[in-house]
Structures are given as structure tokens and as C-alpha cells.
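A quick write-up on the structure given underneath.
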Amino acid sequence: DSGVTQTPKHLITATGQRVTLRCSPRSGDLSVYWYQQSLDQGLQFLIQYYNGEERAKGNILERFSAQQFPDLHSELNLSSLELGDSALYFCASSARGVQSAEAFFGQGTRLTVV
Amino acid sequence: QQQVKQSPQSLIVQKGGISIINCAYENTAFDYFPWYQQFPGKGPALLIAIRPDVSEKKEGRFTISFNKSAKQFSLHIMDSQPGDSATYFCAARVSDKLIFGTGTRLQVFP
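Going line by line, the protein sequences match chains A and B. Residue 1102 is where the first sequence starts when you use this note's numbering, and the numbers rise one by one after that. Residue 4 is where the second sequence starts when you use this note's numbering, and the numbers rise one by one after that.
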């Protein structure tokens, strides 16, 4: 168990809808990262927050947004969903303020858009 | 320039054999090269990592070989076991960003 908790584990929704994925980082970790993993694809970095502030942005679509709350949990909001958004979404956390190889990953949320 | 190319996409190895996964990069600014292991239904977990000033790092049955001049690095799994069956990702770090390869699905048969 990495100590990073993601909910829900599975999510099925229709095109055009909006969903929110939640991540609770390891105790004490200030950084949260979001990644997207599509079928046969590697891990695509989406966005990073550090202690409530956006720190880095990757290949995140404008339809997607995230935030980190004062209790350090984070939410990834995906709107106007398309079939191509179906993927595994991972959250990772680390104690450092940079995207670190020592980041610990949650078990992911599998999003299916139908 | 910021890509990390990983091969093969899938690998089947008999128990006790050696599994070899290769990665190549172009950006000489990469300064840290970790490997991640991912089991089905789980998130990736850091397995082993190397810095470019080292040519080899070994941890148990897992070894990273690094060739700076060729801009290539590889993961060797000695005495592969069925429990090693997983997807392996190489990655490279630049400007505190991790760039991942596309992954290799390893299956080890008894």
C-alpha cells in the first residue's frame, strides 16, 4: 500500500458529462501529481500541485482542471467528456516540491466514457 | 526531444531466464533515469533508478545498464520469476519533470 488513496476506483459515464476524481496523498506529502494512462500508452503527466498551488502543467486539456485543498487532498475535474478520455487516471504524491521519481502512486481511477 | 523510446512492447520469458528491456533518449539534459513496475490494478512503483554518471546499478536480481554515449539504458531482470510478470516503465527526468516510456508488458512462464 503506497499510502495514496484514490476514489472512486471505477467510473462509467456518458459523453458530455462531468466527473470529479479524488486523491488523498500520503500523510505529510505536499505535492500531488495527476497522470493519465491510456491503453497501450505510457503515463502522461497532467498537472502538479504543491501545498495548494499549481506547480507544473503537462499535457492537460482545457476541459480538465484540478485543485488542491488546504487539507492537501486533490481533485481532478474532467468535463465535456469524450470517448477518448477513457483511461486510467493516477494520482501520485511526494514530499518534494518537484515532480520526483520518488513519488508514490495511488491505485488509479478507471474512467470509461460511453 | 523529450521522448523516451522503450522496447519491446511485450516480452515473454521462461522462468529462470533473463528479461531485458531497453530505452533510448535524445535529450542530454536528462539527469535521472528510474524504472517503474506496475502490476495489474495497481499504480506504478519505483523499482530502481540510476544517474548518468554511473554505468551500472544492481539491486538484487534487477540491474540497470546505462550507456551515456549511446543515450541508451536498459533493465535486466536475472533469474526471472512468474512474480515479475508486470508492466515496466522506464522514465527520464529533466527540469524536475518525469518523462515516461510507453511500457513493456513482461510475462514470465513457469
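We treat Cβ as the ideally placed atom computed from N, Cα and C, and that holds for glycine. Since the structure is predicted, the reported quantities are computational estimates derived from the model, not experimental observations.
Option in the options with minimal Cα separation from residue i
| i | options | result |
| --- | --- | --- |
| Phe42 of chain B | B:Tyr91, B:Gln17, B:Ala73 | B:Tyr91 |
| Leu1122 of chain A | A:Ser1195, A:Ser1132, A:Arg1156, A:Ala1188 | A:Ala1188 |
| Gln5 of chain B | B:Gly20, B:Phe33, B:Leu14, B:Lys18 | B:Phe33 |
| Leu1144 of chain A | B:Gln9, B:Gln84, B:Gly86 | B:Gln9 |
| Thr31 of chain B | B:Pro113, B:Thr107, B:Lys71 | B:Lys71 |
| Leu1184 of chain A | A:Phe1205, A:Leu1212, A:Ala1157, A:Ile1161 | A:Leu1212 |
| Asp1172 of chain A | A:Gln1142, A:Lys1158, A:Leu1182, A:Glu1154 | A:Glu1154 |
| Thr1116 of chain A | A:Ala1193, A:Ser1181, A:Ala1157 | A:Ser1181 |
Alpha-carbon to alpha-carbon, residue j and residue i
| i | j | result |
| --- | --- | --- |
| Leu1177 of chain A | Ser1166 of chain A | 6 Å |
| Phe1170 of chain A | Ala48 of chain B | 25 Å |
| Leu1179 of chain A | Glu1163 of chain A | 9 Å |
| Asn1152 of chain A | Thr1106 of chain A | 17 Å |
| Phe65 of chain B | Thr1108 of chain A | 33 Å |
| Arg96 of chain B | Ser1128 of chain A | 25 Å |
| Lys18 of chain B | His79 of chain B | 14 Å |
| Gln75 of chain B | Lys61 of chain B | 17 Å |
Nearest-angstrom Cβ-Cβ length linking residue i and residue j, presumed shorter than 8 Å
| i | j | result |
| --- | --- | --- |
| Cys93 of chain B | Val7 of chain B | 6 Å |
| Gly46 of chain B | Ser1103 of chain A | 6 Å |
| Val111 of chain B | Ser77 of chain B | Actually they are not in contact, since the Cβ atoms of Val111 of chain B and Ser77 of chain B sit about 17 Å apart, beyond 8 Å. |
| Ala1202 of chain A | Leu101 of chain B | 6 Å |
| Pro55 of chain B | Phe69 of chain B | 6 Å |
| Asp99 of chain B | Val1199 of chain A | 4 Å |
Cutoff 7 Å: residue i Cβ touching any chain A Cβ
| i | result |
| --- | --- |
| Lys61 of chain B | no |
| Lys45 of chain B | yes |
| Pro37 of chain B | yes |
| Ala95 of chain B | no |
| Thr105 of chain B | yes |
| Asp99 of chain B | yes |
| Ala89 of chain B | no |
| Ala32 of chain B | no |
| Ala27 of chain B | no |
| Ala52 of chain B | yes |
Min CB distance residue i to chain B below 7 Å
| i | result |
| --- | --- |
| Gln1208 of chain A | yes |
| Val1133 of chain A | no |
| Leu1144 of chain A | yes |
| Val1120 of chain A | no |
| Phe1202 of chain A | Checking the sequence, you will find Ala at residue 1202 of chain A rather than Phe. Taking Cβ atoms only, chain B reaches closer than 7 Å to Ala1202 of chain A, which makes this a yes. |
| Phe1191 of chain A | yes |
| Val1215 of chain A | no |
Practice task
Evaluate the contact criterion for the segment 1135-1142 of chain A versus the segment 20-39 of chain B: three or more CB pairs, one atom per stretch, below 8 Å.
Solution key: no
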